[in-house]
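In our numbering, the protein residues as written are 1 to 163.
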């Protein structure tokens with residue numbers, strides 16, 4: 001080892017890079033760096049079964065986007081939700097009331113330290129429970145599709161049973 005060229009003595013090994021998630025690969029790092037929201041496919045695919053109209057579904061997705069930490073429920077203002085969605089606050093209020101009546105969300109009213117009304121805290125336990133209750137239906141449908149696919153791949157396909 002020579003004192004004249006200390007850099008020649010350093011061997012650098014490539015550092016294993018962080019593997020990109022599939023969503024990060026789809027959207028790209030710049031878009032993904034602004035955050036993402038976990039929305040189960042059952043919620044999206046089961047929108048009609050849950051009785052959600054498009055506005056209510058959008059409100060649920062927006063509330064999920066505000067929910068960063070499982071221990072801290074979302075609390076956006078109606079004004080913020082209305083601006084994001086592109087509607088008026090009354091539309092938000094009417095649809096949140098319907099979501100609450102359906103048992104999908106629960107509003108917790110809160111006040112500032114001065115006693116003024118603040119934004120509501122939204123509990124999504126009802127939505128979560130109803131989506132979880134749909135899971136067995138989705139699992140059964142998935143098994144049924146797999147069985148049909150298996151039959152189609154066999155020689156004779158579905159007609160083999162009828163002979």
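Every residue, glycine too, gets a C-beta built ideally from N, C-alpha and C.
Since this is a predicted model, take the numbers as computed values, not measurements.
For residue 54 against residue 131, the beta-carbon gap comes to about 17 Å, at or over 8 Å, which does not count as contact. Residue 59 is not a Cβ neighbour of residue 43, given a cutoff of 8 Å. By a beta-carbon distance limit of 8 Å, residue 123 contacts residue 73. Their separation comes to about 6 Å. Taking 8 Å as the cut-off, the beta carbon of residue 75 is found closer than this to the beta carbon of residue 120. Residue 99 and residue 92 do not touch by the CB rule: their CB atoms are close to 10 Å apart, not below 8 Å. Judged by DSSP secondary structure, residue 122 falls outside any alpha helix (DSSP H) and instead within the beta strand (DSSP E) spanning 121–123. Spatial neighbours of residue 77 in its own chain (CB-CB distance under 8 Å, excluding positions within 5 residues in sequence) are listed in chain order as 119. Residue environment: residue 26 is assigned as exposed (fewer than 16 neighbouring CB atoms within 10 Å of its CB, all protein chains considered).
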